[in-house]
Structure formats: structure tokens, C-alpha cells
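Worksheet: the structure to be examined is printed underneath.
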Amino acid sequence: MVLLAQHDWNLKPNSDFSPQENIFDARSELPDFSKIKNTKEKKIKFFEFLRPKIRRANQKIKYQQVLMQKLTSEIKNESYHSDNSKKKLIRLGVSYGLKKENVLEQLAELSVRIDIIPEALVLAQAANESAWGTSRFSVQANNLFGQWCFTKGCGLVPKNRSGNAKHEVRKFQSIQSAVTSYMKNLNSHRAYKTLRTIRASLRQQGRVIKGIKLAQGLKSYSERGDAYVEEIIRMIRQNQLE
Numbered sequence: 037m038v039l040l041a042q043h044d045w046n047l048k049p050n051s052d053f054s055p056q057e058n059i060f061d062a063r064s065e066l067p068d069f070s071k072i073k074n075t076k077e078k079k080i081k082f083f084e085f086l087r088p089k090i091r092r093a094n095q096k097i098k099y100q101q102v103l104m105q106k107l108t109s110e111i112k113n114e115s116y117h118s119d120n121s122k123k124k125l126i127r128l129g130v131s132y133g134l135k136k137e138n139v140l141e142q143l144a145e146l147s148v149r150i151d152i153i154p155e156a157l158v159l160a161q162a163a164n165e166s167a168w169g170t171s172r173f174s175v176q177a178n179n180l181f182g183q184w185c186f187t188k189g190c191g192l193v194p195k196n197r198s199g200n201a202k203h204e205v206r207k208f209q210s211i212q213s214a215v216t217s218y219m220k221n222l223n224s225h226r227a228y229k230t231l232r233t234i235r236a237s238l239r240q241q242g243r244v245i246k247g248i249k250l251a252q253g254l255k256s257y258s259e260r261g262d263a264y265v266e267e268i269i270r271m272i273r274q275n276q277l278e
């Protein structure tokens with residue numbers, strides 16, 4: 037398990053940034069993948085289960101991209117409700133880890149943060165971190181990505197946690213919320229700035245955003261560093277995820 041963001045980056049259910057919120061509240065139960073003995077079948081079922089949730093989370097991000105552009109335009113044009121637009125834009129920026137007082141001066145940075153995470157990368161990391169949906173944390177906490185939290189009782193205590201450590205493995209209400217939180221973490225935490233820089237460069241060049249490319253920015257996701265990155269890339273290729 038690895039240290040991710042210490043913050044809850046999820047947007048509140050009734051925020052301005054969640055159109056048709058019920059679309060993003062898919063709380064389907066995690067199947068018992070341990071009962072599937074055929075490895076190929078298990079992989080297929082795991083990917084089939086996660087793909088709709090990944091697409092929902094990326095759809096939400098795309099909506100936020102459009103919203104940011106709309107709010108920015110209203111502010112620049114000094115429309116009659118530009119003050120309200122500023123407040124909404126600041127809230128959006130804060131949800132992506134920017135300081136409240138700096139949001140309006142860091143719109144370029146915010147645009148880099150609000151972008152999709154390739155399906156292939158999400159699938160490979162989820163499979164790796166959760167042992168194909170069979171780990172204790174995935175089954176008991178809906179946590180497929182090894183995300184930590186630091187408030188007592190916020191999750192499950194790792195059995196091998198050292199005596200002076202305070203972290204727990206975060207518990208999620210649903211797999212959907214875990215996927216959304218994971219994406220927000222990659223898009224917000226300073227540890228993944230390289231990933232976002234790679235993605236922004238691909239955007240500027242008009243190239244497709246590939247999981248294999250973005251995986252290069254995951255050295256901080258695991259203490260294994262480069263070895264972890266290589267393993268994720270290998271999983272993407274072996275499972276023909278892109």
C-alpha cells in the first residue's frame with residue numbers, strides 16, 4: 037500500500053460540479069472475484085466490472101472542464117453574474133488542491149489538473165493494488181487503489197503497520213467513490229505533478245492520452261518506484277488494455 041493524498045478531494049453530492057448526480061452514484065457491490073478460478077475469466081470480469089465506473093468518473097471530469105471554461109469566460113467578459121462565477125471557480129480550484137487565494141491566478145494550472153485518467157491506467161493500477169479485486173482492503177473497504185487516510189477510524193488498520201504509524205487504508209462507500217477519489221488524487225497531489233505534465237504535453241501536441249505514457253509519472257505511487265512503473269506498464273501491455 038502507498039501514501040496518497042491526505043485530503044478528501046471528493047466533491048459533495050449536491051455541488052455545482054455534479055450534473056445528474058445519480059449518474060455518478062453507482063453503488064454496485066464488488067463481485068466475489070476469488071470464486072473465479074480461471075485466470076482469464078477473472079481478468080475479463082474484473083475489467084468489465086470497472087470500465088463503466090471509470091467512464092462515469094471521466095465523464096464527471098469532462099463536465100468540470102466545460103464548467104471551468106464557462107466560468108472563466110463569464111469572468112473575463114465581466115458578465116452580470118461574474119462574481120458568482122468567481123466563487124464557483126474558486127470552489128472548483130480548491131477541490132483540486134489549489135489555495136483559495138490563488139485560484140484565479142492559477143487557471144492554467146487548474147486546466148492541467150482537470151483532465152481525464154486513461155482507462156488502461158486505472159484498470160492496471162486497480163488490478164495491481166487490489167490483487168484483481170480479492171485483497172482484504174478491496175473486499176472490506178471498497179478500496180482498489182491502496183489509498184490511505186489519517187483520521188482514526190477512517191478505514192482499516194493494516195496488519196503490518198508499524199507501531200508509531202497512524203495511517204489507515206481508507207474505506208469507501210462504493211467502488212465508484214473509490215475510482216473518483218483515485219482520479220482526483222492523481223489530478224491534485226503534488227506527488228503526481230510529473231504525470232500531469234506528461235498529459236498536458238500530449239494535449240499540446242494533439243496526441244492521444246495513453247496510460248503507458250502517464251505511468252511514467254507514478255514513481256511516487258509506490259516505494260518500489262521505477263519497478264512499480266515498469267510493472268504497471270507491463271500489465272497494460274500484457275492485458276492489451278490499449
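Numbering (my numbering), first residue to last: 37 to 278. Even glycine gets a Cβ: it sits at the ideal position worked out from N, Cα and C.
query                                                                                                                       : result
Secondary structure of Val244, DSSP reduced to three states                                                                 : coil
Classification of Gly182 by the beta-carbon crowding that lies within 10 angstroms, buried from 16 upward                   : buried
DSSP state of Arg63 mapped onto helix, strand, coil                                                                         : Caution applies to Arg63, whose pLDDT of 42 falls short of 50 and renders its modelled position unreliable; the value that the coordinates give is listed next. DSSP places Arg63 in coil when its eight states are reduced to three.
Inter-residue Cα distance where the pair is Gly261 and Leu222                                                               : 16 angstroms
Every unbroken alpha helix (DSSP H) within the stretch 218-278, with a cutoff of 4 residues, ordered by chain               : 229-240, 247-250 and 262-274
Check whether Thr216 and Phe69 have beta carbons under 8 angstroms apart                                                    : no
For Cys185: DSSP bridge partner residues                                                                                    : Glu204
Own chain residues within Cβ distance below 8 angstroms of Ala177, not counting five before or after                        : Gly191, Leu192, Val205, Arg206, Lys207 and Phe208
Nonlocal neighbours in the same chain, by C-beta distance under 6 angstroms from Leu254, ignoring five residues either side : Val265
Gly129 in three-state terms, based on DSSP                                                                                  : helix
Environment of His117 [buried if 16+ CB atoms lie within 10 Å]                                                              : exposed
Length of the line joining the Cα atoms of Phe83 and Ala227                                                                 : 27 angstroms
Endpoints, alpha helix (DSSP H) assigned at Ala167                                                                          : No alpha helix (DSSP H) contains Ala167, which DSSP labels as neither H nor E.
Ala62 versus Ala214 - alpha carbon distance                                                                                 : For Ala62, the pLDDT reaches just 39, beneath the cut-off of 50, and the residue's location in the model is therefore unreliable, although a value from the coordinates is still provided. Their Cα atoms are separated by approximately 11 angstroms.
Of the listed residues Ser174, Asn179 and Ala201, nearest to Phe186 (C-alpha basis)                                         : Ala201
Reduced DSSP secondary structure (H/G/I, E/B, other) of Leu107                                                              : helix
Same chain, Cβ closer than 6 angstroms to Gln101, five either side skipped, listed in chain order                           : Ile150
Segment contact flag, the stretch 147-163 with the stretch 229-247, C-beta cutoff 8 angstroms, min 3 pairs                  : yes
Asn113, buried or exposed, once every other Cβ within 10 Å from all chains shown has been counted against 16                : exposed
Beta-ladder partner(s) of Gly191, from DSSP                                                                                 : Arg206
beta-carbon Ile80 near the ligand COA non-hydrogen atom, thresh 7 angstroms                                                 : With respect to small molecules bound, the structure shown includes none, and the ligand COA cannot be examined in it.
Closest residue to Arg270 among Trp184, Leu157, Leu238 and Asn179 (Cα-Cα distance)                                          : Leu157
Closest by C-alpha distance to Glu165, when choosing among Gln274, Lys124, Gln276 and Glu267                                : Glu267
For Leu159 and Leu277, the rounded distance between their alpha carbons                                                     : 8 angstroms
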